[in-house]
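Just so we're aligned, residue 304 is where the sequence shown starts under my numbering, counting upward by one.
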Amino acid sequence: MSDAATLIAAARTAAAHAHAPYSRFHVGAALLLTDGSIVTGANFENASYGLSLCAETVAVATASAAGRLADIVAVGVVGGMIGPSGLEGTDPVTPCGRCRQVLNEAAQIGRRDLVIHCASGRGDAVATFTLSALLPHAFGPANLGMA
């Protein structure tokens, strides 16, 4: 299985564990680390909507808590409305702007451009981007002389 397929499968599994009772939009993220291990995250909504966490942010925070923030090399993202037979949707889901910024923090600390594989809820559409294409002219640790 390719890195993209492996990450998308792991992200799909993570999305099944999303806590999304308000939007019913489940998102899963999977991070490939330099040693081949995978860290996942799922979105976690809160009744106070502004306190909700995106799947990508949860996964990056998990990697950081394990001391692996600089080791992220690729990302898989899957999302869609939850229906009776699982995730729905035919368009690939990309990270939101906030998540792109969070991913950029890891990318700059790791000194690499991340590859991001985005899949539709049903899995019939996949798009691959680099983080720099999704977030050109990003602000991050390098701007503060820290990366």
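For every residue, glycine included, the Cβ atom is placed at its ideal position computed from N, Cα and C.
Which class does residue i belong to by DSSP, given the choice of helix, strand or coil?
| i | result |
| --- | --- |
| THR316 | helix |
| LEU390 | strand |
| ALA323 | coil |
| THR337 | coil |
| PRO397 | Strictly speaking, residue 397 in this sequence is Thr, with Pro absent from that position. Coil, per DSSP. |
| ALA441 | coil |
Pull up the DSSP beta-bridge partners for residue i, would you.
| i | result |
| --- | --- |
| ALA345 | GLY331 |
| MET304 | Looking at the DSSP assignment, MET304 forms no beta bridge with any residue, so it has no partner. |
| GLY383 | HIS329 |
Return no unless some Cβ of chain C is closer than 7 Å to the Cβ of residue i.
| i | result |
| --- | --- |
| GLY386 | No chain C is present in this structure, which holds just one protein chain. |
Compare the beta carbon distance of residue i and residue j with 7 Å and say whether it is the shorter of the two.
| i | j | result |
| --- | --- | --- |
| ALA373 | LEU334 | no |
| VAL378 | GLY331 | no |
| SER423 | PRO395 | yes |
| ASN407 | ALA368 | no |
| CYS399 | THR360 | no |
| ALA358 | ASN346 | yes |
| ILE419 | PHE432 | yes |
| THR397 | ALA428 | no |
Determine the closest residue to residue i out of the options, with distance taken between C-alpha atoms.
| i | options | result |
| --- | --- | --- |
| ARG415 | ALA319, PRO444, SER355, SER326 | PRO444 |
| ARG315 | MET449, ALA436, CYS421, LEU447 | CYS421 |
| ALA307 | ALA323, SER326, ILE341 | ILE341 |
| HIS320 | LEU336, GLY389, MET304 | GLY389 |
| GLY344 | LEU447, ALA318, PRO387 | ALA318 |
Could you spell out where the alpha helix (DSSP H) holding residue i opens and where it closes?
| i | result |
| --- | --- |
| GLY400 | 400-413 |
| VAL361 | 358-368 |
If you follow the beta strand (DSSP E) that residue i is part of, which residue opens it and which one closes it?
| i | result |
| --- | --- |
| ALA422 | 418-422 |
| ALA350 | Looking at the DSSP string, ALA350 is not in any beta strand (DSSP E), and its letter there is neither H nor E. |
| ALA430 | 429-433 |
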